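Q: Each protein sequence line maps, in turn, to chains R and G. With the working numbering applied, the first sequence covers 14 to 444. With the working numbering applied, the second sequence covers 14 to 444. Note that the Cβ used here is the ideal one computed from N, Cα and C, for glycine as well. If you're wondering where the values come from, they're calculated on a predicted model, not measured in any experiment. Pasting in a structure now, in structure tokens, and then I'll have a few things to ask.
Protein chains: 2
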Amino acid sequence: MSVHEISARSKQAFYTLSASDLIVRNHFLLNLAEELIRNKNEIFSANQSDFVRAKEEGLSAPLLKRLIFDENKLLQIQDSLHSLALLPDPLNKTVFCHEISPGLKLYRVTCAIGVIGIIFESRPDALIQIASLAIKSGNSALLKGGHEAAETNQQLILSIQSALKKSGLPVDSAQLLHSREDVNEMLKEERNIDLLIPRGSNQFVRYLMNNTHIPVLGHSDGICHVYVDSEAKMETALKVALDSKIQNLSVCNAEETLLVHEAIAQEFIPRFEQLLKENHVEIRGDGKTREIINCKKASEEDWATEYLDAILSIRVVNSLQQAIDHINLYGSHHTDCIITENSQNASIFMNEVDSSSVYQNVSTRFADGFVYGFGAEVGIATGKLHARGPMGLDGLVTYKYKLIGHGQTMAEVKSGKIQYTHKVISENCPL
Amino acid sequence: MSVHEISARSKQAFYTLSASDLIVRNHFLLNLAEELIRNKNEIFSANQSDFVRAKEEGLSAPLLKRLIFDENKLLQIQDSLHSLALLPDPLNKTVFCHEISPGLKLYRVTCAIGVIGIIFESRPDALIQIASLAIKSGNSALLKGGHEAAETNQQLILSIQSALKKSGLPVDSAQLLHSREDVNEMLKEERNIDLLIPRGSNQFVRYLMNNTHIPVLGHSDGICHVYVDSEAKMETALKVALDSKIQNLSVCNAEETLLVHEAIAQEFIPRFEQLLKENHVEIRGDGKTREIINCKKASEEDWATEYLDAILSIRVVNSLQQAIDHINLYGSHHTDCIITENSQNASIFMNEVDSSSVYQNVSTRFADGFVYGFGAEVGIATGKLHARGPMGLDGLVTYKYKLIGHGQTMAEVKSGKIQYTHKVISENCPL
């Protein structure tokens, strides 16, 4: 089958899937949990074969590790499928209900988006996570996995499709694409694919955006900041600034730049330097930092760099405003934290920093869909439109307006026979 | 000043504007209403000069009519500025508040998007409408108006900037660009401009999308349908199907295709043909329609055509499902209506038709931001992401996550010291 035919089938499946009851979609999740256990030997053996081949092909150790799908991963997936089944229906929620004029009611109701094309990397468990979020939210999933995990993915999609069948949902609600050429074919399917969610490098996301008319919600890089305010508690500052940097060096929510208010810099920076040394983190400081400690000089480029490594840039600022300006200029609108006991300073920081997640006194590492209680996450959205930050079920739905009358015409409005009342009936009434 | 400098100033203004109080933003709206009256002679005379020049340049009569800015328009604008001032603040609304773990609270809060670039056509009153919506929602407006209205727009922006100044808001919150070359410069400002909203042809919107990395929310064309169900009330069907077609032929929410259930076609179509004849509307019918009345044959192309003219295509369908499939295949996801007294049929239609507005027993002409009670409208969004259908204040905001703790680290989560509670504190609590 061509990618065009596959996409058209996804769209057809979407119409049925999106109109299905929550019970049926939850049944699918529970059936999938069972199917994965039933097929686990086939899945593990396919994964073994992927692993051996990837190793021969010289895949790096961290990526090899992410490729593994074992009993442990299976247990995690069972957990996450069960939690997902417990989450409320993201569909058919009446957001508001207004009376336009007597007898004419307007409802804004959530609904599924359509066909979601997802291009993901080596981790085969991501396939289950993404497909289950898509189907819970009434969207067809068109999945393109990594070459390294090809055999595992093939086994997983069989389990998904078998669970779809058992639940009475269209089997085409989840389909797997295989080759790199398939991606280029996907990009042309703007009639059938409603949204692309790539997981990959910024460069890859940009390539997609430049070569398709389908909207792309990009997975974000992160230049995250911790700002130690003049009214920070020293212990909190040391603890949070350290965790944000070293708890995991290679993730998008790790701290890359530390900003320190000058009133606290003399005390804070030498103590923090000690902690960084113990954890083998290199410091690159601005002029004022280098007056306090010995370290490499930070260049203009450092402020705009996502190291994803054991390096931290440090700048001493003379005010809260300078910290905010620095973050808005050099940051990537991902996650930025203020350490302060002053709630007014916290409020100014959190309102004026133009990032999707803004924190007070907590590690930037908390920026994650599971941590936020979304059950799981499809990705982290870079942009400001539609969905922002960690994207769960909520990022996979849109809304439609439903207007119910009994023969009202615009001619009657123009003649004055119908007059607008624009009365709020309820912010949350069932349709 | 270059477009780059102007955009950077817009961004700077946004930081102040978006952090301003509702009272200040509402003051701006009332001040603007006063300024326009104070400057009305200058505005009318500029408009007179635009009108004379446009007429000499051969602008068509309907466009000339839209160019007029007179006492009447001014009165309408006063009304709309006053209503806009009465609408609640779209900013800083806490959408939800969850406890992640004891002492760690996550808030999702609405906030402004940033700098909105708006490219609009001849109507100079659109400038006021769009700029006032943008500023009420805390966004800077970068406006590019039509050449025909250049002098009027220049006067209007002076009134806006003077009102901004009087309200203590940054004057750069609203700026006007002039030339066609400015548009191409705008497209490069992805660092400063967060969203583009063009009003214009589909072709123009597509050109913008192909030439910028800035997200574009397009103003939609409409292939709107009325479906007369087997359980329609005859009088309602005749009245609504006629109003949807003829009340205004050249608008995006006018009906272009009528679908009729075969059980009612024999009675309905001849009666409706009579009404269309009286209103000089040409019919193009499918085979079954042509068995009932004499009319031109509808081609495959007709079903996918937005006539914006006194032409209507008619198809007889054998089921509700066939009507839904037709609309999903040929429609433009704008506004589609079912005429029926059967609420189950209505519910299936309204759930399965994949359009931004779905109606029961009411003219498609009601698809409009003012009619929906949004105060005014920035445009009608074609896509399914972010905003859909008529876009008011709500379409001009996004959200951010605010997380407030007291030193929580991810290391403490990994060691089991912190456990997630994921408790819903409130769906709507103040921060």
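At a cut-off of 7 Å, is R:P283 close to the ligand NAP when judged by its beta-carbon and the heavy atoms of the ligand?
A: Ligands displayed in this structure: none; no statement on the ligand NAP is therefore possible.
Q: What is the DSSP secondary structure of G:A187, counted as helix, strand or coil?
A: DSSP places G:A187 in the strand class (E or B) of the three-state scheme.
Q: Among residues of its own chain, excluding the 5 on either side of R:A311, which ones have a beta-carbon nearer than 6 Å to its beta-carbon?
A: R297, G298, D299, S326
Q: Unbroken beta strand (DSSP E) runs of length 3 or more, entirely within the region 105-153 of chain G: which are they?
A: Fully enclosed beta strand (DSSP E) runs of 3 or longer: 107-114, 117-125, 128-132.
Q: Based on Cα-Cα distance, which residue from G:D407, G:K86, G:G71, G:Y320 lies nearest to G:V264?
A: G:Y320
Q: Let's test the definition: count the other Cβ atoms within 10 Å of the Cβ of R:S332 and tell me whether it reaches 16, buried, or not, exposed.
A: exposed
Q: Assuming the contact rule is C-beta atoms closer than 8 Å, R:H435 and G:G386 should be a hit. Round their C-beta distance to whole Å, please.
A: 4 Å
Q: R:Y28 versus chain G: which residues are under 9 Å apart at the beta carbon?
A: By Cβ distance, chain G contributes I337, D338, N341, E365, D367.
Q: What residues in the region 394-417 of chain R have a beta carbon less than 7 Å from any beta carbon of chain G?
A: The residues in question are G396, K397, L398, H399, R401, G402, T411, Y412, K413, Y414, K415, L416, I417.
Q: Examine the Cβ distances between the region 98-106 of chain G and the region 139-155 of chain G and report whether three or more of them are shorter than 8 Å.
A: yes
Q: At which residue ranges does the region 339-398 of chain R contain complete alpha helix (DSSP H) runs of 4 or more residues, listed in the order of the chain?
A: 356-365
Q: Can you give me the C-alpha to C-alpha distance between G:T225 and G:L251, rounded to a whole angstrom?
A: 46 Å
Q: How far does the alpha helix (DSSP H) with R:E269 in it reach, from first residue to last?
A: Careful: R:E269 lies outside any alpha helix (DSSP H), inside the beta strand (DSSP E) at 268-274.
Q: Across the region 226-242 of chain R and the region 384-401 of chain R, are there enough close Cβ pairs to call them in contact, namely three or more that are closer than 8 Å?
A: Contact between the region 226-242 of chain R and the region 384-401 of chain R is present: 3 or more CB-CB pairs across the two stretches fall below 8 Å.
Q: In terms of residues, what are the limits of the alpha helix (DSSP H) holding R:G402?
A: R:G402 -> not in any alpha helix (DSSP H); beta strand (DSSP E) instead, spanning 402-404.
Q: Could you check the C-alpha separation between G:S58 and G:H17 for me, to the nearest Å?
A: One C-alpha to the other measures close to 32 Å.
Q: Please say whether R:S370 and G:Y28 have beta carbons closer to each other than 8 Å?
A: Between G:Y28 and R:S370, the C-beta spacing is not below 8 Å.
Q: For G:D242 and G:F362, I'd like the C-alpha separation in whole angstroms.
A: 10 Å
Q: Just checking, does the region 130-147 of chain R make contact with the region 415-429 of chain R on the three C-beta pairs under 8 Å criterion?
A: no
Q: Counting pairs of Cβ atoms below 8 Å between the region 69-87 of chain R and the region 118-130 of chain R, do you hit three or more?
A: no
Q: Is it the case that the region 394-412 of chain R contacts the region 157-176 of chain R, given that we only count it when at least three CB pairs across the two stretches are under 8 Å?
A: The region 157-176 of chain R, when compared against the region 394-412 of chain R, does not touch it at the 8 Å Cβ threshold.
Q: Take R:K258 as the anchor and find which of R:P283, R:E280, R:N292, R:V196 has the nearest alpha-carbon.
A: Looking only at R:P283, R:E280, R:N292, R:V196, the smallest Cα-Cα distance to R:K258 is reached by R:N292.
Q: Could you tell me whether the Cβ of R:L288 comes closer than 8 Å to any Cβ of chain G?
A: no
Q: Taking only runs of the alpha helix (DSSP H) that begin and end inside the region 42-81 of chain R, which ones reach a length of at least 4 residues, in chain order?
A: Within the region 42-81 of chain R, the complete alpha helix (DSSP H) runs of at least 4 residues fall at 53-69, 74-80.
Q: Does the Cβ-Cβ distance between G:L177 and G:V184 come in under 8 Å?
A: Yes, these two residues count as a Cβ contact at 8 Å.
Q: Under 8 Å, Cβ to Cβ, is there at least one residue of chain R near G:A424?
A: yes
Q: So, helix, strand or coil for R:G418, using DSSP?
A: strand
Q: Can a CB atom of chain R be found closer than 8 Å to the CB of G:V253?
A: yes
Q: Across which residues does DSSP place G:E295 in a beta bridge pair?
A: G:I324
Q: Take the Cβ of G:R328 as the centre, count every other Cβ of all protein chains shown within 10 Å, and call the residue buried at 16 or more, exposed below.
A: So G:R328 ends up on the buried side.
Q: Under 9 Å Cβ-Cβ, which residues of chain R neighbour G:A32?
A: I361, N364, E365
Q: Which of the three DSSP states, helix, strand or coil, is assigned to R:I306?
A: coil
Q: Between which two residues does the alpha helix (DSSP H) containing R:V239 stretch?
A: Taken as a continuous stretch (DSSP letters only), R:V239 belongs to no alpha helix (DSSP H), being part of the beta strand (DSSP E) at 237-241.
Q: Among the residues of its own chain, which have a CB less than 8 Å from the CB of G:E280, if the five just before and after it don't count?
A: M247
Q: How long is the line joining the alpha carbons of R:G344 and R:V330, rounded to whole angstroms?
A: Spanning the two alpha carbons is a distance of roughly 15 Å.
Q: Looking at the C-beta of R:P283, does it have a partner C-beta in chain G at a distance below 8 Å?
A: no
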